[in-house]
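Peer 1:
Numbering (this note's numbering), first residue to last: 1 to 272.
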């Protein structure tokens, strides 16, 4: 999950560096292969031409990029966290050894709002609510414009985020997640949300602890500001960036319209 690189503060670098060490353990139960199945479904249903090259904005540790590359796509992943990107590169080496083939995937530390790779792609993806880490209108539009600059005409921009009507209706609550680690250790994350309805944001205050019994071996505290988006502004921001909204749906469910009970949305747009 990313939105900057060169303009990160030292505090942000420490936060995302610490988070990178816990990231894969915390999200081990997220079905990335199913999400890649969904992406391929979108490629087939909405693509004007076959999708062969994919750019991933906010790639994290490569959990979408490596499966897509294994399926034969040319993939470039961008993230603001050097620690995340380093972990992604390590995982590529491990996957290549496991499958016995070289993967066409690379990772770049960059700002998803301002980067320029000097090339275009058949599709740009941005998963796991990276768009919702763009807090201001200007940041959202800048990320969308950067996506458009890297899309071939008719190319697809596929992203997901927090759906405003559901966040307002259901409201965020405090959550605790515990993961058993090897060696009898426990990873515990508490998330305390603070909602700002005027700004359309939720600041999630995390505490992550690695424990063995009552002993705290490692602790990280951080705050993530997340923006929730409404249908009208999604369409308007895309239009300002040279993209046209094709579909807005509950996360990975293209057959219906999102409701006030669907916290996460999936969106499909086309470069025009």
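Glycine is no exception: its CB is placed at the ideal position from the N, C-alpha and C atoms. Values in this document were obtained by computation on a predicted structure and should not be read as measured data.
1) Heavy atom of the ligand NAD less than 6 Å from the Cβ of residue 161, yes or no?
2) By alpha-carbon positions, which one of 224, 66, 259 and 53 ends up nearest to residue 99?
3) With a cut-off of 8 Å on the beta carbons, I'd call residue 264 and residue 162 a contact; round off their distance for me.
4) Which same chain residues, not among the five before or five after residue 55, have their C-beta less than 6 Å away from its C-beta?
5) In this structure, does DSSP put residue 70 in helix, strand or coil?
6) Assuming contact is defined by CB atoms lying nearer than 7 Å, are residue 61 and residue 102 in contact in what I supplied?
7) Using DSSP with H/G/I as helix, E/B as strand and the rest coil, what is residue 193?
8) Select from 93, 109, 95 and 147 the residue whose C-alpha is nearest the C-alpha of residue 119.
9) Can you tell me where the alpha helix (DSSP H) with residue 160 in it begins and where it stops?
10) Just to confirm my understanding: we take residue 28, look at its own chain, exclude 5 residues before and 5 after, and list those with CB closer than 8 Å. What are they?
11) If we count the other Cβ atoms within 10 Å of its Cβ and call it buried at 16 or more, is residue 250 buried or exposed?
12) Going by DSSP, what residue range makes up the alpha helix (DSSP H) through residue 37?
13) Restricting to Cα atoms, I'd like to know which of 105, 111, 217 and 174 is closest to residue 195.
14) Going along the chain, which residues of its own chain have a beta-carbon closer than 7 Å to the beta-carbon of residue 244, five neighbours each way excluded?
15) Which term fits residue 110, buried or exposed, when burial requires 16 or more other beta carbons within 10 angstroms of its beta carbon?
16) Can you tell me which of the three DSSP states residue 206 falls into?
17) Distance, Cα to Cα, residue 92 vs residue 49?
18) Measure the beta-carbon distance from residue 129 to residue 226 and round it to whole angstroms, keeping in mind my assumption that it falls under 8 Å.
19) By DSSP's criteria, residue 247 is part of a beta bridge. Which residues make up the other side?
20) Cα separation between residue 35 and residue 70?
21) Go ahead and label residue 277 buried or exposed: buried means 16 or more other beta carbons lie within 10 angstroms of its beta carbon, across all protein chains shown.
22) Where residue 126 and residue 31 are concerned, what is the direct C-alpha to C-alpha distance, given to the nearest angstrom?
23) Would you mind stating whether residue 202 and residue 172 have Cβ atoms separated by less than 7 Å?
24) Give me the DSSP bridge partner(s) of residue 224.
25) Under 7 Å, do residue 43 and residue 51 count as touching if we go by C-beta distance?
26) Please give the ranges of any alpha helix (DSSP H) in the segment 116-153, keeping only runs that are unbroken, at least 4 residues long and fully inside the region.
27) Does residue 110 come out as helix, strand or coil in the three-state DSSP assignment?
28) Tell me whether residue 262 is buried or exposed, calling it buried when 16 or more other Cβ atoms sit within 10 Å of its Cβ.
Peer 2: Quick answer:
1) The model depicted lacks the ligand NAD and carries no ligand whatsoever.
2) What you label residue 99 is simply residue 99 of the chain shown in a count that begins at 1. Closest option to residue 99, Cα to Cα, is 66.
3) The count along the chain shown starts at 1 and reaches residue 264 at position 264. The count along the chain shown starts at 1 and reaches residue 162 at position 162. Indeed they touch by this definition, with Cβ atoms about 7 Å apart.
4) By one-based count along the chain shown, residue 55 stands at place 55. Around residue 55: 76, 121, 124 and 150.
5) One-based indexing of the chain shown puts residue 70 at position 70. Of the three classes helix, strand and coil, the one that applies to residue 70 here is helix, per DSSP.
6) For the purposes of this step, residue 61 is identified with residue 61 of the chain shown, where counting begins at 1. For the purposes of this step, residue 102 is identified with residue 102 of the chain shown, where counting begins at 1. Their beta carbons are not under 7 Å apart, which means residue 61 does not touch residue 102 by this criterion.
7) Numbered from its first residue, the chain shown carries residue 193 at position 193. Residue 193 falls in the strand class under three-state DSSP.
8) Translated into positions along the chain shown, residue 119 becomes position 119. Checking every option, the nearest Cα to that of residue 119 belongs to 147.
9) In the chain shown, the residue the question calls residue 160 occupies position 160. From DSSP, residue 160 is part of no alpha helix (DSSP H) but of the beta strand (DSSP E) over 151-163.
10) In the chain shown, counting from the first residue as 1, residue 28 sits at position 28. Cβ neighbours of residue 28 beyond the five flanking positions: 179.
11) The residue you call residue 250 lines up with position 250 of the chain shown. It counts as buried.
12) Numbered from 1 along the chain shown, position 37 holds the residue referred to as residue 37. 32-46 is the span of the alpha helix (DSSP H), which, as asked, contains residue 37.
13) Residue numbering aside, residue 195 sits at position 195 when the chain shown is read from its first letter. Nearest C-alpha to residue 195: 174.
14) Position 244 of the chain shown, counted from the start, is the residue given in the question as residue 244. 238, 269, 270 and 272, listed in sequence order.
15) As a position in the chain shown, residue 110 is number 110, starting the count at 1. Buried, since its Cβ has 16 or more Cβ neighbours within 10 Å.
16) Residue numbering aside, residue 206 sits at position 206 when the chain shown is read from its first letter. Residue state, collapsed to three classes: strand.
17) Position 92 of the chain shown, counted from the start, is the residue given in the question as residue 92. Position 49 of the chain shown, counted from the start, is the residue given in the question as residue 49. Straight-line Cα distance between these residues: approximately 28 Å.
18) For the purposes of this step, residue 129 is taken as the residue at position 129 of the chain shown. For the purposes of this step, residue 226 is taken as the residue at position 226 of the chain shown. Indeed they touch by this definition, with Cβ atoms about 7 Å apart.
19) Locating residue 247 in the chain shown gives position 247, where the first residue counts as 1. Residue 247 is bridged to 268.
20) For the purposes of this step, residue 35 is taken as the residue at position 35 of the chain shown. For the purposes of this step, residue 70 is taken as the residue at position 70 of the chain shown. Roughly 14 Å between the two C-alpha positions.
21) In the structure displayed, the chain extends from 1 to 272; residue 277 sits before or after that span and is not available.
22) Residue 126 sits at position 126 when you count from the first residue of the chain shown. Residue 31 sits at position 31 when you count from the first residue of the chain shown. If you take the alpha carbons of residue 126 and residue 31, they lie about 16 Å apart.
23) Locating residue 202 in the chain shown gives position 202, counting from the first residue. Locating residue 172 in the chain shown gives position 172, counting from the first residue. Contact: yes.
24) As a first step, residue 224 is located in the chain shown; it is residue number 224 there, counting from the start. Note: residue 224 sits in a beta bridge opposite 204.
25) Locating residue 43 in the chain shown gives position 43, counting from the first residue. Locating residue 51 in the chain shown gives position 51, counting from the first residue. Yes. Within cutoff.
26) 137-149
27) Residue 110 sits at position 110 when you count from the first residue of the chain shown. Of the three classes helix, strand and coil, the one that applies to residue 110 here is coil, per DSSP.
28) Along the chain shown, one-based indexing puts residue 262 at 262. Buried, because 16 or more other Cβ atoms sit within 10 Å of the Cβ of residue 262.
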